[in-house]
Each structure stands twice: as C-alpha cells, then as structure tokens.
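> These protein sequences, in sequence, are chains A and B. Read in our numbering, the first sequence has 22 at position 41, and its numbers run on one by one without any break. Read in our numbering, the second sequence has 347 at position 209, and its numbers run on one by one without any break.
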Amino acid sequence: MAEERLLYTWKGRLVKAGHAVGRALVSPEPIGFLGGVDGATGVVVERGHPLEGQSVAGRVLVFPHGKGSTVGSYVLYQLAECGCAPAAILNAESEPIVAVGAIIAEIPMVDHLPIHLLRTGDRVEVEGETVRVWRAVEDQGQVR
Amino acid sequence: MRLTAEERSWLGGEAGPALQRAMEIVVALGRIYGAERLIPVESVQISGVSYRNLGEAGLRFLRRWVEEGARVRVPTFLNPTAMDLAAWREQGFDPHFAARQAEIVDLFAQMGVGAGEPMPTCAPYYLARPPRAGSHVAWAESSAVSYANSLLGARTNREGGPGAIAAALTGRVAEYGLHLEANRRPTVTVAVQEPPRTVADFSALGALVGREIGRGIPYFVDLRVEEPLREAKLKALGAAMAATGAVALYHVAGVTPEAAQFTPPAARLTVGSLREGYAMLDEGGDVDLLWVGCPHASLEEIERVAARVAGRRLRRPLWITCSRAVRRVAVEAGWAERIEAAGGRLYADACLAIAPLRDLGIRAVGTTSAKGAFYLRNLAGVAVRFGTLDDLLDSVVS
C-alpha cells in the first residue's frame, strides 16, 4: 500500500450529519437512483452511465447532483437496509431527491464542495461538514 | 436559516426521532433552496401512496416512522392509491398487492392523516373547505398544487413524498419558491387563437402550453372559460400543464384570483390550433375502458356523465374515479345508480395512471384528460384514446 498524504481539508454545507471513512467513487455525471442504481445490490445499472457496473456500497460517492424521479429517495433507504449504501455522499450542489434520501437512509452527506478535485480511489473522511482527502504519494505529482 | 427555539429542539431530537427526522428534512430543503426561515402550513397533501411506486423499501420506511411515533400536526390529505380500497377485487387486483396497498394507507391513518380515516384523492379541495387565498399549504400532487396556487390563490410548492410527510409532522415548510410573493409573477404571456370549449379542449391546450414552457408561469390573456363545467375546465388545464411541463401556477386574466396584480410579460407564446394537442395525446383505436376522473371527478362532472349515459348501454366499462366523500353524495343523488345501469362504476381512492393496468388485462384506455393520457402512456404503459366525453361515449355506446 502506497503512503497516503492528507491533500485537502474542506468545509462544505451539511445535509446529513455523520462520520464516515471510505474510498471515493467519482461520477462526473449526475446520478438518478430510481432506475439508475439497483436498490438490492448497490450496482449502478443505468445504461451508458460513467459508473455503470460499479457498486456504490461502502464508497464515498461523489457526483455533481441528483436527477430523476422523487421516488429515488426510497432507493437510498433500500440500499441502507441491505447494507449496500454509500458510506457517504458528496455533491457539488444537492437537490431534494438525494438530500431527503440521505436523511431517511442516515447516510452522511455534504455539498458545496469542489468535487472536480476528487479522484476515484482517494481516501475520504467525512465528519459533520468537514471533508478530508488523502491520496497516495506517487499520484500527487499529477495534481494540477 | 433562523429557527425558533422549539424548531431547534425538534431538530436536536428532544421530541423524539420521528420529529427529528422530519425536521432534518424540512431544514435540508430550506438550506438547498436558500430559505431564511420556516413558516406554518394550514394543510398538507402527501404523495407517494401507491404500492407500485413506493415498493417494499418505501413501505418499510413508513413502518419505521410510525413505530417511532410519527403524528401529523396539521390537517393532512392523502393522494390516491392504485385501487379502490373496498372494491379492489371487483377491479381485478391481486390480493398480495391489495394487502400491501391497504397497509400503506393504514400506516398513514396511524399517523393521523385524514383524522385517522384517510380519503385518498388527488382533489382534496373537494373534501373540506378549500384553502383561502394567501394561505400557505404543502401539497404534493402536481394538479392539486396547480389548483391550489392558481384557482384558489393559496401558496404551495410541489412537495416530494417524504418532504410532504415531514411538512405534516412538523406543520411547517421552508419559505422559498411559490411561498414568496416575488416568485408568483407570470413569465410567459399565452395567447390562444382557437377558443377551447370542452374539457378535452382545455386539456389539449394545457398539454401544448406545458410542453412549450416547462417550468414557467403562464399568463393567459384572452382565455374565456364558459359554463358548464367551468371549474372542471380550469382543473384540466392546470393538470395538463403540470403533466407535460412542470407548471405549478398559472394566471388567467379576468378569471384567477391573482391575475389582476400582474401585467402580461414580454415573452409570448401563441397557440394557433388545438389540433396539435389532440394529435400529441390521441393514439386512436378501440378501448378496453373509459376513464373519467383525472384529476378526481367533481360532483358536477359526475352529474354530467350520469345525464349523458342515462338510458344507454356501454359496450366497454366506464370507470369514474373520485374521492369517497364525492362518491357518497353521487350515490345519494342517484347519479351513481344511473351510471351503473349503463355499465359504469364509481371507484373511490383510486388512480388508474398509477395502477398496474396491464396486469388487470387493460391495454387501451379512453380519457378526456391530458394528464391521464400522459401518465397512462408513460407510467401504466397502455395505449390512449383522447377525446371529448361525447366522442368517447359515442364510440362505446351500442
């Protein structure tokens, strides 16, 4: 395992309070949970989505904002029940579907973050509105 | 956002987990939309009632909220379910589905919705005294939201499912969107060259305008809305614009309560012919069923249908959906009997657009409602014949 260094410490806007640590899974595209994520497995099933085929379970899920049907809030609840919810959710700008979903599913969530700086695989800690990001040392040279 | 001491204590969990979660949702929505404070609401209408939409996860979530002691603090209405809660067998529903659907309604009853006896309907303004002009409510069903804002002059955003429950449990919503005077100004002037006459015409007009202006607030400058069924025509117009677009408020010069405060905006949409609206909604062909009551039928609409079918015999079933309260009056007035004699039925609680119609063996439905046509096709997955009530009835009278 490569050495990891603390790269960023951000204060975002709190949507759902909590504490979580996990590896980032970054989507440049919005996520719609109803029809987009399998509520029983956590696998992204939307055709052509950048995360298609990957599981959100246990990851710090990073995406710009939600999209799609308001019933999507209950898909997040279903994910939490089956133990395949994301560890935390980070958005650029949250909207009601995912925000309400995170609250009812008790998934820590923060928005108003520069999520374009995050990469899949980064180690992320979410604590209240504070977000800390670690990255392997050899990868840090690539940061612009 | 400024919260009162009581609101802060609820958010901190001092009044238990049910109210805490509700408060978290209300506050999160307020933050997202930049609200400065919460405001009390006089009533709430909850959507997300159909088992087909909620699913097992939604049902389990409701159970948990009830177990935690969730109770509504203001008068609360419930959107329709997939089926008539009493006559579901006759409609052809599967007992497993019916049991789940009944449990969902029972959970809402335990929360105190409908004072413990919910009467599921998308037209709560026919159940009790409708909200007064200027009052704040938190309604969820898109046509009811349009009706409350536009025809009654009440103020509501379109609440999502859990958001509406949270508003009912706290008796509050965040002050943003259509709760604020400044956001109720019209954005597009709409001129209509072919005057709509029937309910279906108003539906077709609404379908066209909703498609064109999306989230805008239309201001109809030259729309005449004549009796009979004047109220049903306005209801159909708003329902259609909320279905093909996301119109939550519209103004009609000389008709709706807030129109006089505004002047027509510079942006302009001219609707030439209604024919395009009919073409957009009507797939033609034979139907398995005629549906009246999208949004849920008023007494006046039921009375008109009763008069039209009296002494005739329909070759296809006619289902009229309405609230239990409206049906009770229709039965007492003798209209239900006349409709049933012709082969029709009055079903309470139900909405066909959210029902698993294909499982009931229904593949094509006739309707006068653009909203109905839109969701029958996109949600229920059935073919649609859209037209005037007279044309639809004539097509199935032997």
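Cβ coordinates follow ideal geometry from the N, Cα and C atoms, glycine included.
Kindly say whether I70 of chain A, judged by its beta-carbon, lies nearer than 8 Å to any beta-carbon of chain B.
No, I70 of chain A does not count as interfacial toward chain B.
> Who are the Cβ neighbours of R125 of chain A in its own chain at under 7 Å, not counting the five residues just before and after it?
Interpretation of R125 of chain A is limited by its pLDDT of 46, a score under 50 that renders its predicted location unreliable; the figure taken from the coordinates is listed afterwards. Closer than 7 Å at Cβ, skipping near neighbours: no residue.
> Applying a beta-carbon distance threshold of less than 7 Å, which residues of chain B neighbour S75 of chain A?
Residues of chain B passing the Cβ test: I170.
> Would a C-beta distance cut-off of 8 Å place V409 of chain B and V330 of chain B closer than the cut-off?
The answer is yes: Cβ separation under 8 Å.
> E162 of chain B touches chain A at which residues, Cβ-Cβ below 8 Å?
Near E162 of chain B (Cβ distances below 8 Å), the residues of chain A are K(-3) and I84.
> Given a cut-off of 8 Å on the beta-carbon distance, is the pair I242 of chain B and L197 of chain B in contact?
For I242 of chain B and L197 of chain B, yes; Cβs fall inside 8 Å.
> In chain A, what lies closer than 9 Å to A471 of chain B by C-beta?
Within chain A, no residue comes near A471 of chain B; the closest Cβ sits about 38 Å away, beyond 9 Å.
> Which word fits G320 of chain B, buried or exposed, when buried means at least 16 other C-beta atoms lie within 10 angstroms of its C-beta?
Before going further, note that residue 320 of chain B is Ala rather than Gly in the sequence given. With fewer than 16 Cβ atoms within 10 Å of its Cβ, A320 of chain B is classed as exposed.
> Run through chain B and tell me which residues come within less than 8 Å of I88 of chain A, C-beta to C-beta.
Chain B residues near I88 of chain A: none, gap ~12 Å exceeds 8 Å.
> Return the first residue and the last residue of the alpha helix (DSSP H) that T111 of chain A is part of.
It is not in any alpha helix (DSSP H) - T111 of chain A instead sits in the beta strand (DSSP E) that spans T111 to A117.
> Could you check the C-alpha separation between E478 of chain B and L484 of chain B for me, to the nearest Å?
Looking at the two C-alpha atoms, the distance is approximately 8 Å.
> Which residues of chain A have a Cβ atom closer than 9 Å to the Cβ of G299 of chain B, listed in chain order?
Chain A residues near G299 of chain B: T51, V52, S54, Y55 and V81.
> Just the chain A side, please: which residues come within less than 7 Å of N191 of chain B by C-beta, in chain order?
What N191 of chain B touches in chain A: V52.
> For a contact defined as C-beta to C-beta under 8 Å, what are the partners of G13 of chain A on chain B?
The contacting residues do not exist; G13 of chain A stays about 14 Å from chain B at best.
> Determine the DSSP secondary structure at G537 of chain B, reduced to helix, strand or coil.
Coverage of chain B is limited to positions 139 through 536, which leaves residue 537 of chain B absent and any answer about it impossible.
> Put A5 of chain A into one of helix, strand or coil per three-state DSSP.
Reduced to three states, the DSSP call for A5 of chain A is strand.
> What residues in the segment 16 to 30 of chain A bring their beta carbon closer than 7 Å to a beta carbon of chain B?
Answer in chain order: G20.
> Mind checking who K373 of chain B pairs with in its DSSP beta bridge?
None, per the DSSP bridge assignment.
> Cβ of I78 of chain A less than 8 Å from any chain B Cβ?
Yes - at least one Cβ of chain B is within 8 Å of the one on I78 of chain A.
> Can R349 of chain B and T382 of chain B be called in contact, C-beta distance under 8 Å?
It is a contact, given that the beta carbons lie within the stated cut-off.
> With the cut-off set at 8 Å, would you say L498 of chain B and G230 of chain B are in Cβ contact?
Their beta carbons are under 8 Å apart, which means L498 of chain B touches G230 of chain B by this criterion.
> Are the CB atoms of P31 of chain A and P9 of chain A nearer to each other than 8 Å?
The answer is yes: Cβ separation under 8 Å.
> Identify every residue that forms a DSSP beta bridge with F524 of chain B.
BP columns for F524 of chain B point to B:T505.
> Which class does H274 of chain B belong to by DSSP, given the choice of helix, strand or coil?
Residue state, collapsed to three classes: strand.
> Quickly, what does DSSP pair P178 of chain B with across the bridge? List them, please.
Partner(s): B:R310.
> Tell me which residues share the same chain as V105 of chain A and place their Cβ nearer than 6 Å to its Cβ, disregarding the 5 neighbours each side in the sequence.
Same-chain partners within the cutoff: A5, V41 and V114.
> With 8 Å as the threshold, decide whether the Cβ of G186 of chain B is near any Cβ in chain A.
It does; some Cβ of chain A falls within 8 Å.
> Going by beta carbon distance, what residues of the same chain come within less than 7 Å of G109 of chain A, once the five residues before and after it are set aside?
These residues qualify, in order along the chain: L(-5) and A(-2).
> Find out if the Cβ-Cβ distance for the pair A220 of chain B, P395 of chain B is shorter than 8 Å.
Result no, Cβ atoms of A220 of chain B and P395 of chain B do not sit closer than 8 Å.
> So, using beta-carbon positions, are V204 of chain B and A306 of chain B closer together than 8 Å?
Taking 8 Å as the Cβ cut-off, V204 of chain B and A306 of chain B do not qualify as a contacting pair.
> With a threshold of 8 Å on Cβ separation, who are the neighbours of L141 of chain B within its own chain once the five nearest residues in sequence on each side are excluded?
Closer than 8 Å at Cβ, skipping near neighbours: L149, V165, R175 and L176.
> Check V25 of chain A in the structure and name its three-state DSSP category.
If DSSP states are grouped into helix, strand and coil, V25 of chain A belongs with the strands.
> Helix, strand or coil for L(-13) of chain A? Go by DSSP, reduced to three states.
The answer is strand: DSSP assigns L(-13) of chain A an E or B state.
> Go to F44 of chain A, then tell me how far its alpha helix (DSSP H) extends in each direction, as first and last residue.
It is not in any alpha helix (DSSP H) - F44 of chain A instead sits in the beta strand (DSSP E) that spans V41 to F44.
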